[in-house]
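> Below is the structure I would like to discuss, written out as C-alpha cells.
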Amino acid sequence: MPVITAAIDPITRIEGHLKVEVKVDTVNGVQQVVDAFSVGTLFRGFEKILEGRDPRDATLITSRICGVCPTSHGHAAALVLDNAYGVDGDTPERTAARLLRNLVHGACYLESAILHFYLLALPDFIAGLPMAPWTPGWDVGRRFDPGTVSRFTTHFVEAIAQRRNCHEMGAIFGGKLPHTPGFILGGFTAVASAEDKALFSQYLEPLVAWIESTYVPDTELLASLWSEYLQLGKGPGNLLAFGVFELDNSSQPALLLRRGRIRQGVPGVQPVDTAQIMEQVKYSWYADTDGNLPIAQSDTHAQYPKGAAYSWLKAPRYEGLAYEVGPLAWMTVNGEYTGGIWAMDRHMARAREALKIAQAMRQWLAELPVGQPAYTHRPTPGTATAEALTEAPRGALGHWLQVNDGRIGKYQVVTPTCWNLSPQDDSGQRGPLEQALIGLPVANADKPIEVLRIVHSYDPCLDCATHVTRAEPGAKVFAGRGGTRGRGRTRPSISAVEGRLPRRPRSKPGGLPG
Amino acid sequence: MLNEALANPAAPSVIWLIGSACTGCSVSFLNRISDVAPVDVADVVAKAVNLVFHPTIMGAAGETAVAALKTAYAKGNYILVLEGAVPTAFQGHPCVVWSYKGEEVTFQQAVQELTARATATVCVGTCACFGGIPASGANPTRAMGVRAFTGRPTINISGCPANPDWVVWAIVQLLTNTPVALDEDGRPVALYSKSFTGEDEPPIIHDKCPRNPFNTGTPEAANFGENGHCLINLGCRGPFTKARCNAAWCGIGGHTAGQPHPGHWCIGVNAPCHGCVEKTFPGPQSFSEPYAP
Numbered sequence: 142m143p144v145i146t147a148a149i150d151p152i153t154r155i156e157g158h159l160k161v162e163v164k165v166d167t168v169n170g171v172q173q174v175v176d177a178f179s180v181g182t183l184f185r186g187f188e189k190i191l192e193g194r195d196p197r198d199a200t201l202i203t204s205r206i207c208g209v210c211p212t213s214h215g216h217a218a219a220l221v222l223d224n225a226y227g228v229d230g231d232t233p234e235r236t237a238a239r240l241l242r243n244l245v246h247g248a249c250y251l252e253s254a255i256l257h258f259y260l261l262a263l264p265d266f267i268a269g270l271p272m273a274p275w276t277p278g279w280d281v282g283r284r285f286d287p288g289t290v291s292r293f294t295t296h297f298v299e300a301i302a303q304r305r306n307c308h309e310m311g312a313i314f315g316g317k318l319p320h321t322p323g324f325i326l327g328g329f330t331a332v333a334s335a336e337d338k339a340l341f342s343q344y345l346e347p348l349v350a351w352i353e354s355t356y357v358p359d360t361e362l363l364a365s366l367w368s369e370y371l372q373l374g375k376g377p378g379n380l381l382a383f384g385v386f387e388l389d390n391s392s393q394p395a396l397l398l399r400r401g402r403i404r405q406g407v408p409g410v411q412p413v414d415t416a417q418i419m420e421q422v423k424y425s426w427y428a429d430t431d432g433n434l435p436i437a438q439s440d441t442h443a444q445y446p447k448g449a450a451y452s453w454l455k456a457p458r459y460e461g462l463a464y465e466v467g468p469l470a471w472m473t474v475n476g477e478y479t480g481g482i483w484a485m486d487r488h489m490a491r492a493r494e495a496l497k498i499a500q501a502m503r504q505w506l507a508e509l510p511v512g513q514p515a516y517t518h519r520p521t522p523g524t525a526t527a528e529a530l531t532e533a534p535r536g537a538l539g540h541w542l543q544v545n546d547g548r549i550g551k552y553q554v555v556t557p558t559c560w561n562l563s564p565q566d567d568s569g570q571r572g573p574l575e576q577a578l579i580g581l582p583v584a585n586a587d588k589p590i591e592v593l594r595i596v597h598s599y600d601p602c603l604d605c606a607t608h609v610t611r612a613e614p615g616a617k618v619f620a621g622r623g624g625t626r627g628r629g630r631t632r633p634s635i636s637a638v639e640g641r642l643p644r645r646p647r648s649k650p651g652g653l654p655g
Numbered sequence: 026m027l028n029e030a031l032a033n034p035a036a037p038s039v040i041w042l043i044g045s046a047c048t049g050c051s052v053s054f055l056n057r058i059s060d061v062a063p064v065d066v067a068d069v070v071a072k073a074v075n076l077v078f079h080p081t082i083m084g085a086a087g088e089t090a091v092a093a094l095k096t097a098y099a100k101g102n103y104i105l106v107l108e109g110a111v112p113t114a115f116q117g118h119p120c121v122v123w124s125y126k127g128e129e130v131t132f133q134q135a136v137q138e139l140t141a142r143a144t145a146t147v148c149v150g151t152c153a154c155f156g157g158i159p160a161s162g163a164n165p166t167r168a169m170g171v172r173a174f175t176g177r178p179t180i181n182i183s184g185c186p187a188n189p190d191w192v193v194w195a196i197v198q199l200l201t202n203t204p205v206a207l208d209e210d211g212r213p214v215a216l217y218s219k220s221f222t223g224e225d226e227p228p229i230i231h232d233k234c235p236r237n238p239f240n241t242g243t244p245e246a247a248n249f250g251e252n253g254h255c256l257i258n259l260g261c262r263g264p265f266t267k268a269r270c271n272a273a274w275c276g277i278g279g280h281t282a283g284q285p286h287p288g289h290w291c292i293g294v295n296a297p298c299h300g301c302v303e304k305t306f307p308g309p310q311s312f313s314e315p316y317a318p
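Read top to bottom, the protein sequences are chains B and Y. Per the working numbering, the very first residue in the first sequence carries number 142; after that it's consecutive. Per the working numbering, the very first residue in the second sequence carries number 26; after that it's consecutive.
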C-alpha cells in the first residue's frame, strides 16, 4: 500500500494559521502516521514593527502578537522593561504592581484554559452542536452514552459564560480584554478600590468553584473514556518551564510555578540557563546565518525558497535538544503532576494548573492594597539590554530587548508554540508535535481526527509563533512545503474559491445598506 | 424584527475569515454580553446567524472546512466578516488561509474573491479596517486594510480589539436589512458618533471624558500612578479619537450602562486612550509622550 500524504489546512480551533502534513502508512497491520511536518502559515514581522519605537510601547505592541495570551506578552514586555531600566526595591508600589499584574495575567490564564478545553479541544471527541459552525465536522466516533453527551454539552455552554467571566474579571483592573493597556514599564496603571476588589471576588469565587467541580473532573472523565490517549501523543520527553507569577519583589523572586527543566533519562529537575537556548533554521525559511546564535544576538532574515525548509517557525533547542513546554511541562517540573506525558496528560495538567492559579488569585486579591498606586518611575536612558522569562498559558515565553539611542534597536521573542510546533532542526531532530504524531494510528487518512486530537493537546498559538519573522524584499515565495517539492516550479495562480483559474472580479460589488 | 429575519430561510449566512491578525477580535466577539437578544455569543451563533465558517471555533478542519465555505460562496447570499489585515508582499504568501486540492490559497486571494460576491463585508478590528499594527512601522509584509486593498465598500468596526457589541450590532443591521449610515472612514455613525442610548453626543473621547480638565476641573497627571487624573501628558489620544468607548466597553467590564457599577474602560484604569479605533493607530508616535497626530 502506498504512503498517503494528507495535508490538513487549515487546522481549525487553534489561534492563528497552521498546516499539518502527515504521511500515513500501514505498519505491522496498523495504519499510522509515519512522518509529520508542522507548518506555520502566517507572518507579520513584529520585530521590524517594533524597531525604532519608544521602548515603553513594547507592552502595548507585543500584546497584539496574540489575542489569546495578550497579558503574557504584556507581562513579559513589562518585565523586560523593568529589568532594562532597573525597576527594583521592596516598595508598596511594586507590591501593588506585582499583584495587579498577577491578577490580570491570571484571569487570562483561566480564560485561555477554559476556552481551550471546551471550545477548541472537546469537539475532537464529541459531535458538535447540530448546527454551523460545529456541523458538519469530522467523525469523532460515538463513545459517549447519552448522559455523558448531555453533561459535556451542558458544560460546553457553561464554558462560554465562564471564559467570558474571566475576561470581565480581568477587565476590572485591566480596563478591557483582550489587549489591556494596564501593563506598563514600572508597574500597572490601575489603582484598586475596595469596590473593585469586591467585584473581582464576586467573579473569582464562582470560577474557582466551577474549575474545581466541573473543568478538572471533565478532563479526568475524558481521559478515562479515551484512555488510549494516555498512551499516545508523547513528545520528546524533555520538559522546560520558565516559571510564572512572581510572589515577592526581589530581583530573583519566588514563583508560583517554578523555573526548571527535566531532561529525559536524567533524574531530577535541572536549572535553566538561557545561554543554552539557540534557534536552528535549516528547515525554516531563514538565512542559515541566523541559526545557532544566542537569542539576544540572533536575527531574522527570511529566505525562500530555501533547500528543504518548510516552516516559518524556527526550531528553538536547549543544548541542542527539543523540549516540550506548557502546563504539562511546568506542572511536572513542579512535581504537581505525576502522571504520564501523553496527550490526555496535557489536558489534565492544564486543568489542575488552572485550579492552582485560581486559588492563588484569592490570596493575591486579599493582599492587594486599596488606593495604592502601582507605578515606580524610572528614567529611560538611551542604551539598555535585558531579558525576561515568563510563561504564557501554552508554555515558556521569553522577551529580549536592546535599546539604542532611546529607541528599540532589537526585540526578540521566543514563544511556547515555537518550541512545541517547531520544524526539524539542523540535525534532523523533529519538533515536539512532529515527534508526538509519529506512530499515531489513523482510521481515515482523509479526515484524520486523531491528528487533530494530538495537535490540540498542545493548545498551539501560531499567532504567537510566527510573529517575529522578517521578509527580505524581493524574496520569492512558493506553495507547498518548500524546496523538496516545489523548487523552481512556477506556481499556477488558482482561484481561491473555485479551485480554477481566476476570473475577473465582479464589476458589481455586493449591495451595502446605507 | 431580528426574529423575523432569523426565521427567514433566505437570510444570509455568515463567513468569518481571519487574515493577518492576532485572533483578538474573535476572542472579543466571544465576550459578547447584552441585555437584549442576542444576549451572548451562544445566542448569536445558535439563534441569530448561520455562521458557516469561523476558523477558531468551527468543528471541521482541512478540506471539510473549506467545503463549507465554498458551498456558501456558491450560493452567494452571505455576509463576509473579515478579521486581520491583508498582507500583499510576496503575492500574499505571508498569510495562507487554506489549501485545496494541494494548492495554498492566500488571504489576499480569498478576500478578493469573497468580497466580490458578498452581500456585504464587515471589517472587524483595526487591522482589517485600516491595516493596524501589521501595517505599522516598516510594514514588512506590506499589509493593508480590506477597503484599501479591494476598493470595495466595507462596514468598518474598528478597534483593537473590536468591541463585540458593535460587531454583533453591525451583523444584525445587515440581517434585518436596516440601512447603516457610515462616516468617512466607513464606520457606522450610530456606533462611533452617538451616545449609548442613541442621542447625539460629542464623538471625540476627550470631549465627553469624565477626566477632561476643562469640563470637570480634573488635574493633569504628570506621571502614571496618579489615580483619577487626566492622562493628556502620558500619551492620551482621546482628543483625536472618535468612539463611544465611554459607554460601550461596559460590556467587557461585565456591566451595561445604567447598572450600579458602570464597568471599566482604558481611561477608567488610569491608562491613556491609545486611539485604537482610528486609522492612525498605532502610528510611529510614542504611546507614553503627549500625542501629536
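A virtual CB, placed ideally from N, CA and C, is assigned to each residue, including glycine. Bear in mind that the values here come from a model prediction, so they are computed numbers and not experimental data.
1. State the CB to CB distance for the pair R548(B) and G193(B), rounded to an integer number of angstroms; the pair is presumed to be in contact (CB under 8 angstroms).
2. Could you tell me the alpha carbon to alpha carbon distance between S392(B) and D229(B), rounded to whole angstroms?
3. Assuming I104(Y) contacts A145(Y) under a Cβ cut-off of 8 angstroms, what Cβ separation, rounded to an integer in Å, is found between them?
4. Applying the 10 Å Cβ sphere with the 16-neighbour rule, what's the burial state of E508(B)?
5. Tell me whether the beta-carbon of V77(Y) lies closer than 7 angstroms to the beta-carbon of A268(B).
6. Starting from S253(B), follow the alpha helix (DSSP H) in both directions and report where the run begins and ends.
7. Runs of 3 residues minimum, wholly inside the stretch 28–106 of chain Y: which ones carry the beta strand (DSSP E) assignment?
8. Which residues in the same chain as A187(Y) place their Cβ atom closer than 7 angstroms to its Cβ, once the five residues preceding and following it in sequence are excluded?
9. Rounded to a whole number of angstroms, what is the C-alpha to C-alpha distance between C210(B) and S179(B)?
10. With burial defined as no fewer than 16 other Cβ atoms inside 10 Å of the residue's Cβ, what is the status of V147(Y): buried or exposed?
11. With a Cβ-Cβ cutoff of 7 angstroms, do A153(Y) and Y217(Y) count as a contact?
12. Just to check my reading of the structure: R493(B) and V357(B) have Cβ atoms closer than 8 angstroms, yes? What is that Cβ distance to the nearest angstrom?
13. Can you tell me whether M419(B) is helix, strand or coil according to DSSP?
14. Given this structure, state the Cα-to-Cα distance separating T215(Y) from A206(Y), to the nearest angstrom.
15. Give the residues of chain B in contact with V77(Y), contact being defined as C-beta atoms less than 7 angstroms apart.
16. G278(B) versus chain Y: which residues are under 7 angstroms apart at the beta carbon?
17. Along the stretch 514–535 of chain B, where does the CB come closer than 7 angstroms to a CB of chain Y? Name the residues.
18. Under 7 angstroms between C-beta atoms, does G323(B) make it to chain Y?
19. What's the C-alpha gap between Y344(B) and N306(B)?
20. With H, G and I counted as helix, E and B as strand and the rest as coil, what does DSSP make of A616(B)?
21. Looking only at C-alpha atoms, which of C301(Y), A114(Y) and T203(Y) sits nearest to A163(Y)?
22. What residue from L506(B), L348(B) and L562(B) has the CA that sits closest to E465(B)'s CA?
23. Output needed for T266(Y): all residues of its chain with C-beta closer than 6 angstroms, excluding positions within five of it in sequence on either side, in chain order.
24. Does the Cβ-Cβ distance between P196(B) and V544(B) come in under 7 angstroms?
25. With a threshold of 7 angstroms between beta carbons, is S313(Y) in contact with chain B?
26. For Q504(B) and G247(B), I'd like the C-alpha separation in whole angstroms.
27. Would L191(B) be called buried (16 or more neighbouring beta carbons within 10 Å of its own) or exposed?
28. Answer with buried or exposed for V554(B), where buried requires no fewer than 16 other C-beta atoms within 10 angstroms of its C-beta.
29. Which ranges would you report for the alpha helix (DSSP H) in the stretch 285–317 of chain Y if only whole runs of at least 4 residues count?
30. Can you confirm whether L542(B), when its beta carbon is compared against all beta carbons of chain Y, has any partner nearer than 7 angstroms?
31. I'd like the span of the alpha helix (DSSP H) that includes N306(B), first residue to last.
32. Please report the straight-line C-alpha distance between Q133(Y) and H158(B), rounded to a whole angstrom.
33. Going by the DSSP bridge assignment, what does R458(B) pair with across the sheet?
34. Rounded to whole angstroms, how far is the Cβ of P119(Y) from the Cβ of L183(B), which I believe are closer than 8 angstroms?
35. At what residues does the alpha helix (DSSP H) containing Y217(Y) begin and finish?
36. Extract the residue ranges of the alpha helix (DSSP H) inside the stretch 196–220 of chain B, only unbroken runs of 4 or more that lie entirely within it.
Quick look at the numbers:
1. 5 angstroms
2. 7 angstroms
3. The pair is a contact, with the Cβ atoms about 5 angstroms apart (cut-off 8 angstroms).
4. E508(B) is exposed by the Cβ-count criterion.
5. no
6. P233 to I255
7. 38–43 and 75–78
8. C50, S53, V149 and G150
9. 21 angstroms
10. buried
11. no
12. 6 angstroms
13. Residue state, collapsed to three classes: strand.
14. In the sequence as displayed, the identity of residue 215(Y) is Ala instead of Thr. Cα-Cα distance, rounded: 7 angstroms.
15. A273 and P274
16. Simply G84 and A85.
17. P514, A515, Y516 and H518
18. yes
19. In a straight line, the C-alpha of Y344(B) is about 7 angstroms away from that of N306(B).
20. Per-residue confidence for A616(B) stands at a pLDDT of 31, beneath the threshold of 50, marking its modelled position as unreliable; the derived number appears in the next sentence. Of the three classes helix, strand and coil, the one that applies to A616(B) here is coil, per DSSP.
21. A114(Y)
22. L562(B)
23. Shown here for T266(Y): same chain residues with a beta carbon closer than 6 angstroms to its own, the five before and five after excluded, namely I230, C298, G300 and E303 in chain order.
24. yes
25. yes
26. 12 angstroms
27. Flag for L191(B) reads buried.
28. The C-beta of V554(B) has 16 or more other C-beta atoms within 10 Å across all chains shown, which makes the residue buried.
29. none
30. no
31. P287 to G315
32. 14 angstroms
33. DSSP lists M419(B) as the beta-bridge partner residues of R458(B).
34. The Cβ separation is near 7 angstroms, so the contact holds.
35. V214 to Y217
36. You should have 199–204.
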